[in-house]
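Report on the following structure.
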Amino acid sequence: MEKTPIITLNSEEKDFLFQIDSMIKSILFELPVQYHEILQVVNGSRFRPLLTYYGYKLFSENLNEKVYKSAIAIELIHKSSIIIDDIIDQDDKRHSIYTVHKQYSIDEALVITVFLLGKCIELLSEIDDSTIRVFSRMIIRMCQGTIQELNIDMNVSIDKIKEILDNQTSQVIQNCLVIGMKSYDSELDNQHLAIIGYKLGYLFQLLNDCEAYFNPEFTVKYKGNYNFDINKSRKNLCYVYLEHFLSNKEKMGLQNKDKVTNLEILLNKYNVLKHIKNEVSLIEFDIKKQCEVLEKNHSMERLNYFIDYSIKLAKVRAGIY
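Using full-length UniProt numbering, the letters of the sequence shown correspond one by one to residues 1 to 321.
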């Protein structure tokens, strides 16, 4: 099995994340003491704030207050979304840590979500209007994607799945980089940076969807259950790839009590892993080409390093090497 990659941050990156962690903890101190250690909020890779940081650093070496506020706001939005997702998916754990509704209750988790979004609005009130519009549109699209997913029909196409994931994941990762850039100058626009973020977001979702199918042991450790109930997880890209090949009889076979065994047989029969690996390679190539364009005018060393690390980590978790 491939080893999990380890990221090495420089001193400024470590300090940036330390400041983000400290500010998030101070936000929780506004709640009663029993909520000062909400595990899913105080813990985390801070992947999205780091992307915001890198988006900013492409244009300036000197960090301003706005990039800190933007990074915290992005993380609060992310934490709010995973609280809701975990309730919807009925997951007990995330990153092997109890979900908020398991640590507390569903009622408390919902109120905590509203509180985090309220603090996000408070932070954004001190940021320029154009950046606020990016944030508000991001939240709206995340909600639209989740509503679409909850109301999806039984004959969903892969294009519809991609539309949902565009709203839920791809545009969020894209906006982390874009908001970082706009934290330096709200008038800036860079299509190459936006494309990198968008494709990264889609790639991460694709690999994430593969975890339960190609690395189920990790999924159980990570979420506390297999979480690939076919009737519940129709948005799963991995399953949609498989479904493209299935006969009606095979689809029916996935509804019986031996669905897990049947699923493994069909994944191997139609070599779904090969098709997914091919798409992953194409996306990686596209990201690399966009990075090469940016390298002509910007220092991409740290962003390239972070992108490589993140993709390797996602591949290991998905069981795709």
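Cβ atoms here follow ideal geometry from the backbone N, Cα and C, with glycine treated the same way.
Residue pairing for residue 137: DSSP places it in no beta bridge. Beyond the five residues adjoining it in sequence on each side, residue 69 comes within less than 7 Å, by CB distance, of 123, 126, 127 in the same chain, given in chain order. Only residues of its own chain outside the window of five on either side were considered, and among them 58 have a CB closer than 6 Å to the CB of residue 298, listed in chain order. Relative to residue 18, the option among 31, 43, 89, 33 whose CA is nearest is 43.
Shown here for residue 281: not one same chain residue has a beta carbon closer than 6 Å to its own, the five before and five after excluded. Taking C-beta separations shorter than 7 Å and ignoring five residues to either side along the sequence, the partners of residue 241 in its chain run 272, 275, 276, following chain order. Looking at the backbone, the Cα of residue 118 and that of residue 55 are separated by about 25 Å. Between residue 199 and residue 308, the C-beta gap is not smaller than 7 Å, which leaves the two residues out of contact. In the structure shown, the three-state DSSP call for residue 93 is strand.
For residue 321, the secondary structure class from DSSP, reduced to helix, strand or coil, is coil. Residue 106 and residue 292 have their C-alpha atoms roughly 46 Å apart. Shown here, residue 98 sits in a strand according to DSSP, grouped into three states.
Its Cα nearest to that of residue 176, the residue 76 stands out among 265, 76, 102. Nearest in C-alpha terms to residue 115, of all of 41, 180, 161, is 41. Here residue 15 is exposed, its C-beta having fewer than 16 other C-beta atoms within 10 Å. Along the length of the stretch 259–302, whole alpha helix (DSSP H) runs at least 4 residues long occupy 259–269, 272–295, reported in chain order. Taking the C-beta atoms as reference points, residue 79 is found no nearer than 7 Å to residue 183. When DSSP assignments are scanned along the stretch 7–66, the uninterrupted stretches of alpha helix (DSSP H) that are 4 or more residues long and fall wholly within it turn out to be 11–28, 39–42, 47–57. In the structure shown, the three-state DSSP call for residue 242 is helix. In this chain, the alpha helix (DSSP H) harbouring residue 107 covers 106–124. DSSP places residue 219 within a helical segment (H, G or I) once states are collapsed to three. Under the 8 Å Cβ criterion, the stretch 202–210 counts as touching the stretch 237–254, having at least three qualifying pairs. Here residue 20 is buried. Its C-beta has 16 or more other C-beta atoms within 10 Å. Under the criterion of beta carbons closer than 8 Å, residue 173 and residue 51 qualify as touching, at roughly 7 Å.
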